[in-house]
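Sequence lines, in order, name chains A and B.
According to numbering that gives the first Met the number 0, the first sequence is numbered sequentially starting from 0.
According to numbering that gives the first Met the number 0, the second sequence is numbered sequentially starting from 0.
Beta carbons: idealized from backbone N, C-alpha and C, even for Gly.
Fair warning: this is a prediction, and the values are worked out from it, not measured in the lab.
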Amino acid sequence: MSKSEEDMKKIAVFLHSRYNNVEYEEILQMISGDDDLRRVIRQLSAIYDENSSIDWEKIKSPAHEVFRNLLKDIKSAKSSRDNNVAVRVFDSSLLPLPEGVRPAGVDTRRIKYIVNDQFVELSLYPVSPGSYEVIGQITGTFANEGFSAYMEHTNKNFSVIVNDCGVFRFPRVPVGKYSLTITNETQTIARVELDL
Amino acid sequence: MSDLHQGNITNLIDKCKMGDEQAWFQLVDLIAPVIFSICKQNRLSRDEGFDIYGQVCYELVNNINKLKSPSKILYFVATMTRRKIYSLYRKMRVKDYIDIDISELIPDEKSPNPEKNLESLRRREWLFEAMMKLPEKEYQLLHLLFFDKNEPSYKDIAKKMKIPVSSIGPTRGKALNSLKRIIKWKKIK
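Structural data, given as structure tokens:
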């Protein structure tokens, strides 16, 4: 191994913070007389630190999944005639369970949507093997304007009044695909496609 | 990072603008670590981090056509991430319970004394930009030498890059010199 090759190995060890005292001294000595090298190493260290502060490989797959759904929702919102189709920006069901946690048969789920600078946040709690309690909240510009929320399925419809805090609750909704719409007296504010 | 270099980031963003889904995922691989790093620095939970990530991605997809300077994309993402975190803090009313005004921590482009984290991010951005100006072989070599988590040996690097082991040293020297020149030219202190 040539001298420069050894030097590069030392820099790599330095960047990975896996040096012993002797190596550390050697590296410091090596870079102390070279301003340019010191600058480059500082830059490289910064970028390495940024990259290594999170384990991207562990979260890459759920992050891609979240993004895939987001793109799909945005496409669907753009192709819709209405401008009130909500886009899902967070869905707890897409995230991996923490290490050592076993998946439950039916899990609670939190979902967050954006539509026209407003957020619609839903919490789904299983109340029986075939049904969920759905609690939602609208936050944003129109949060306190006396809305109603409707959940529509092919043969099941539910409706509730949204309270002054923008909160609404469907106590027991059977599993299935629903279209949740939030409306005021004159217009639909948000439309959310929901698969329970 | 290697994806970032393919034809440079401007090309990547152009492809995203045209709706190329693969390009979008390459861009996500570039920006997501920045978003999650900032979330981690701000001690957000995993769920909060993903929440912010989703919101920033939403803003990026909706504003990609308005980006005047594609090479500043990391800056856009970092600023957007901080704004979203601030909104989260505000919503949680954390601001009321701490003795500093968080808004001061939210840098804007004109901020003369940006916070340390932003400095680090800028260095990263500068280095990205500088590295992007390197010829692809040189860029790839520096990436394999310093940023590949598998820490490949010289033999592996040579195999991967289809070059003889003996040319790694000179190429690396050339790459670092080019990088120094670019950094000097950009007057990075």
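Query, Result
"Alpha carbon of LYS161/B to alpha carbon of ASN149/B, nearest angstrom", "18 angstroms"
"Residue-level contact to chain B via CB, LYS59/A, 9 angstroms cutoff", "yes"
"DSSP three-state assignment for ALA22/B, whether helix, strand or coil", "helix"
"Nonlocal neighbours in the same chain, by C-beta distance under 7 angstroms from TRP23/B, ignoring five residues either side", "CYS15"
"Nearest to PRO128/A (by Cα), restricted to the options GLY165/A, PRO173/A, ASN154/A", "PRO173/A"
"Of the residues ILE72/B, ALA157/B, THR80/B, LYS136/B, the one placed nearest LEU178/B, counting alpha carbons only", "LYS136/B"
"Per DSSP, the bridge partner or partners of MET80/B", "According to the sequence displayed, residue 80/B carries Thr and not Met. In DSSP, THR80/B forms no bridge with anything."
"Burial state of THR78/B, where buried means 16 or more other Cβ atoms lie within 10 Å", "buried"
"Segment contact flag, the segment 130-140 of chain A with the segment 159-168 of chain A, C-beta cutoff 8 angstroms, min 3 pairs", "yes"
"The ligand FMN heavy atom lying under 8 angstroms from the CB of ARG87/A", "Among the components of this structure there are no ligands whatsoever, and the ligand FMN is therefore not found."
"Segments assigned alpha helix (DSSP H), at least 4 residues, entirely inside the segment 156-181 of chain A", "none"
"Through-space distance from MET131/B to LYS74/A, alpha-carbon basis", "31 angstroms"
"Assumed close pair TYR112/A, ARG87/A - CB separation to whole angstroms, cut-off 8 angstroms", "5 angstroms"
"For TYR138/B and ASP90/A, the rounded distance between their alpha carbons", "37 angstroms"
"GLU20/B: contacting residues in chain A (beta-carbon distance under 9 angstroms)", "ARG67, LEU70"
"Residue interval of the alpha helix (DSSP H) (run including PHE89/A)", "No alpha helix (DSSP H) contains PHE89/A, which is instead part of the beta strand (DSSP E) from 86-90."
"Helix, strand or coil at SER1/B [DSSP, three-state]", "Because SER1/B carries a pLDDT of 42, less than 50, the predicted location of this residue cannot be relied on, and no value is offered for it."
"Within chain B, the residues that ALA189/A reaches when beta carbons sit closer than 8 angstroms", "In chain order: nothing, as chain B lies at least about 15 angstroms away."
"Residue nearest to PHE72/B in terms of C-alpha spacing, selected from GLN21/B, TYR88/B, LEU87/B, ASP13/B", "Contrary to the premise, residue 72/B reads as Ile rather than Phe in this sequence. Among GLN21/B, TYR88/B, LEU87/B, ASP13/B, the Cα nearest to that of ILE72/B is on ASP13/B."
"CB of LEU126/B within 9 angstroms of CB of ALA174/B, strictly", "no"
"Straight-line gap, ILE187/B to GLU20/B (C-alpha atoms, nearest Å)", "Residue placement at ILE187/B is flagged as unreliable, the pLDDT there being 44, under the threshold of 50; the coordinate-derived value follows with that caveat. Roughly 35 angstroms separates the two Cα atoms."
"Residues from the segment 69-90 of chain A in contact with chain B, defined by Cβ distance under 7 angstroms", "LEU69, LEU70, ILE73, VAL86, VAL88, PHE89"
"Coil, strand or helix - SER165/B by DSSP", "helix"
"Beta carbon of TYR57/B nearer than 9 angstroms to that of ALA31/B", "no"
"C-alpha gap between ARG190/A and PRO151/B, whole angstroms", "50 angstroms"
"CB contact below 9 angstroms: ARG109/A versus chain B", "yes"
"Spatially closest choice to THR185/A from SER178/A, HIS152/A, GLY145/A, by CA coordinates", "GLY145/A"
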